[in-house]
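Asks: Under the numbering used here, the first residue of the sequence shown is numbered 373, with each subsequent residue one higher.
In this text, a Cβ means the ideal position worked out from N, Cα and C, and glycines have one as well.
Predicted, not measured: the structure shown is a model, and the values here were computed from it.
Starting off with a structure, shown below.
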Amino acid sequence: MRLKMKITGFAKRFPLKTVTIWLLILSFLIASPAGIAFAKEDNSEDEFKAVWISYLEFNDRLKDPKTGKKGFTEKRFQEMIDEMFDNVVDLNMNAVVVHVRPFGDAMYPSDYFPWSKYISGTQGKDPGFDPLKYMVEAAHDRNLEFHAWINPYRVTSGTTDVNTLSKDNQARKWRTNKSKRDDRYVLSFGGSLYYNPSEVWVQSLIRSGIEEIVENYDVDGIHFDDYFYPTLGSNYKKNFDYKEYNEHYDWCKENKVKVKPIADWRRDNVNRLVKKTYELIKDIDESVQFGISPGGFLDYLLMDDRYYSDIETWLSKPGYVDYIAPQLYWSFDHATFPYDKTLDRWLKMRTNTDVKVYVGIATYRAGSTLEKAWKNDPKLLSKQIEYGRDTGLVDGYLFFRYDFFYKKATKSGVDYLLKIL
């Protein structure tokens with residue numbers, strides 16, 4: 373005699389076969405480390421992963437170990453770049469950001485700026501070869517993007533002596549010209565020289581130098597870092613380019629135009645250069661990226677006495693940059709700028725989703741005593757990358773700088789980092 377079962381409720385709506393299938397799917401999801409609610413696409417292969425190679429790397433290798441002479445021969449320079457770029461590939465990076473104008477100079481034959489002493493050993497001295505040409509080709513041979521790194525305003529560091537500049541240096545020409553107007557194109561502040569950001573001729577010079585790079589070299593990007601205006605201090609209303617502001621003030625009064633505070637006027641000066649640089653690059657080659665790497669300390673960037681980097685505009689409006697790479701050089705425990713909360717603030721400010729956000733990472737701090745966390749936690753670098761990935765909003769990372777991937781003090785932190793790159 374066969375028993376008859378009454379099929380009611382749940383069983384009518386969900387036959388046994390259907391229930392079995394769903395139970396199997398559920399058991400798979402429970403066993404999965406991500407689960408359906410936490411499933412996250414792994415975009416690590418699509419990330420922009422770059423190493424900064426600064427003039428300091430060049431300077432440390434400038435002296436020929438065989439002859440003791442300062443300056444690269446073509447052969448020695450190419451061997452250095454080949455080794456560096458091979459190592460960058462081994463680090464699983466896909467881009468290099470290399471200094472080509474650290475101090476109003478050029479690491480290529482320029483019509484506007486003198487040869488860099490970090491190539492030939494003496495500013496203005498022709499090394500007899502084109503370093504930038506070789507670097508771009510060497511990068512592309514290894515499927516690396518090449519971003520040309522420029523400090524637009526910085527002329528010297530730690531000296532105001534124009535005699536340290538080559539005779540063909542435009543900053544020296546302006547600084548020594550008897551014309552009082554020309555003398556204002558280069559300003560002295562804090563023991564260093566800077567091109568005056570408020571001067572039209574200065575901005576034209578900077579853009580001309582960028583134009584020749586984008587036109588003559590197959591670069592993938594132009595990169596500015598955090599050196600715009602220096603920190604001017606509590607007397608910021610009456611120093612640096614305040615004379616030009618007073619002229620602007622008088623003109624506005626005469627023409628019945630609303631006068632902006634000096635801090636906003638300075639931000640406008642920087643914005644004008646940034647916007648016109650972006651337009652210049654895109655007019656030549658739309659595929660070339662333009663990015664800026666400001667300091668990561670948001671509260672300081674918004675102050676009226678320093679930098680004048682209008683990050684709010686750059687992150688919200690089109691026509692300024694393709695990417696922003698804030699330098700977030702602190703641990704999660706930092707009292708003022710904890711890594712996670714600071715990154716969250718930067719990401720929240722990015723309202724123009726066409727602007728990519730890359731994070732500047734302090735490889736050089738691994739194992740250091742700058743903070744307890746850097747000293748005690750060798751996984752800190754890798755945790756910073758993982759946190760950025762967990763947001764789902766970070767587009768890539770830049771690591772400062774090349775040499776610190778190979779220091780004894782950073783080795784443990786770098787080893788953990790490389791496991792996740």
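1) Hey, quick one: how far does the beta strand (DSSP E) through Glu517 stretch, first residue to last?
2) With respect to the alpha helix (DSSP H) encompassing Arg678, which residues constitute its N-terminal and C-terminal limits?
3) Could you name the residues of the same chain whose beta carbon sits closer than 8 Å to that of Val660, not counting the 5 residues immediately before and after it, in chain order?
4) Assuming contact is defined by CB atoms lying nearer than 9 Å, are Arg717 and Tyr601 in contact in what I supplied?
5) Compute the Euclidean distance between the alpha carbons of Val729 and Ser492, then round it to the nearest angstrom.
6) In the DSSP output, which residue or residues are listed as bridge partners for Ala422?
7) Return the CA-CA distance between Asp597 and Ile634, expressed in angstroms with no decimal places.
8) What three-state label does DSSP hand Gly581 in the structure shown?
9) Could you tell me the boundaries of the alpha helix (DSSP H) in which Val461 lies?
10) Is Leu559 helix, strand or coil when you go by DSSP?
11) Quick one: is Val572 buried, meaning 16 or more other Cβ sit within 10 Å of its Cβ, or exposed?
12) State the Cα-Cα distance for the pair Ala411 and Gly764, rounded to the nearest angstrom.
13) Here's the rule: buried if 16 or more other CB atoms are within 10 angstroms of the residue's CB, otherwise exposed. What is Ser576?
14) Hey, how far is the Cα of Phe704 from the Cα of Thr735?
15) Just grab the DSSP bridge partners of Phe368 for me.
16) Alpha carbon to alpha carbon, how far is Leu752 from Leu790? Give it in angstroms, no decimals.
17) Could you name the residues of the same chain whose beta carbon sits closer than 7 Å to that of Tyr650, not counting the 5 residues immediately before and after it, in chain order?
18) With burial defined as no fewer than 16 other Cβ atoms inside 10 Å of the residue's Cβ, what is the status of Thr741: buried or exposed?
19) Counting pairs of beta carbons, one from the stretch 440 to 447 and one from the stretch 489 to 508, are three or more of them closer than 8 Å?
20) Can you say whether Val527 is buried or exposed, counting buried as having 16 or more other CB atoms within 10 angstroms of its CB?
21) Excluding sequence positions up to five away, which residues of its chain have a Cβ less than 8 Å from the Cβ of Ala422?
22) Taking just the CA atoms, how far does Glu658 sit from Tyr695?
23) Might you give, ordered along the chain, the residues of its own chain that have their beta carbon closer than 7 Å to the beta carbon of Arg579, omitting 5 neighbours on each side?
24) In terms of alpha-carbon separation, which member of Tyr759, Trp546, Tyr617, Asn549 lies closest to Leu719?
25) What is the residue span of the beta strand (DSSP E) that Val731 lies within?
26) Give every residue of the same chain whose Cβ lies closer than 6 Å to the Cβ of Pro750, excluding the five residues on either side of it in the sequence, and list them in chain order.
27) Alpha carbon to alpha carbon, how far is Tyr525 from Leu565?
28) Taking only runs of the alpha helix (DSSP H) that begin and end inside the stretch 594 to 668, which ones reach a length of at least 4 residues, in chain order?
29) Tyr672 by DSSP, collapsed to three states: which one?
30) Do you know offhand how far Ile522's Cα is from Ile733's?
Replies: In brief:
1) Annotation: the continuous beta strand (DSSP E) that includes Glu517 extends over 517 to 522.
2) Looking at the DSSP string, Arg678 is not in any alpha helix (DSSP H), and its letter there is neither H nor E.
3) Cβ contact annotation for Val660 (same chain, cutoff 8 Å, sequence separation greater than five): Val586, Val591, Asp592, Gly593, Ile594, Ile653, Lys654, in chain order.
4) Result no, Cβ atoms of Arg717 and Tyr601 do not sit closer than 9 Å.
5) Taking the straight line joining both Cα atoms gives about 35 Å.
6) Its beta-bridge partners are Ala467, Leu770.
7) Just so you know, the alpha carbons of Asp597 and Ile634 end up roughly 23 Å apart.
8) Three-state result, Gly581: helix.
9) Here the alpha helix (DSSP H) through Val461 covers 446 to 462.
10) Look at Leu559 here: in three-state DSSP terms it is strand.
11) Burial call: exposed.
12) With a pLDDT of 40 at Ala411, under the threshold of 50, the modelled position of this residue cannot be trusted; read the value that follows with caution. C-alpha separation (whole angstroms): 11 Å.
13) Counting Cβ neighbours within 10 Å, Ser576 comes out exposed, since fewer than 16 surround it.
14) CA-to-CA, the gap between Phe704 and Thr735 works out to about 15 Å.
15) With the chain covering 373 to 793 only, the question about residue 368 has no answer from this structure.
16) Each residue's Cα considered, the two are about 12 Å apart.
17) Counting only Cβ-Cβ distances below 7 Å, and skipping sequence neighbours, we find Phe662, Gly691, Tyr692, Val693.
18) The residue in question, Thr741, is exposed, as its Cβ has fewer than 16 Cβ neighbours within 10 Å.
19) Judged by Cβ distances under 8 Å, the stretch 440 to 447 makes contact with the stretch 489 to 508, as three or more pairs qualify.
20) So Val527 counts as buried.
21) Once the five neighbours on either side are set aside, the close Cβ partners of Ala422 are Met465, Asn466, Ala467, Val468, Val469, Glu517, His519, Tyr730, Gly768, Tyr769, Leu770, Phe771.
22) Distance between the alpha carbons of Tyr695 and Glu658 is about 14 Å.
23) Closer than 7 Å at the Cβ level, and outside the excluded window around Arg579, lie Lys648, Thr649, Leu652.
24) Taking each of Tyr759, Trp546, Tyr617, Asn549 in turn and checking the Cα distance to Leu719, the smallest one comes out for Tyr759.
25) First-last of the beta strand (DSSP E) with Val731: 728 to 733.
26) Apart from the 5 residues on each side of it in sequence, Pro750 sits with its Cβ closer than 6 Å to the Cβ of Ser784, Gly785, Tyr788 in its chain, given in chain order.
27) Spanning the two alpha carbons is a distance of roughly 9 Å.
28) With a minimum length of 4 residues, the continuous alpha helix (DSSP H) runs that stay inside the stretch 594 to 668 are 614 to 626, 634 to 656.
29) Three-state result, Tyr672: helix.
30) Going from the Cα of Ile522 to the Cα of Ile733 covers about 19 Å.
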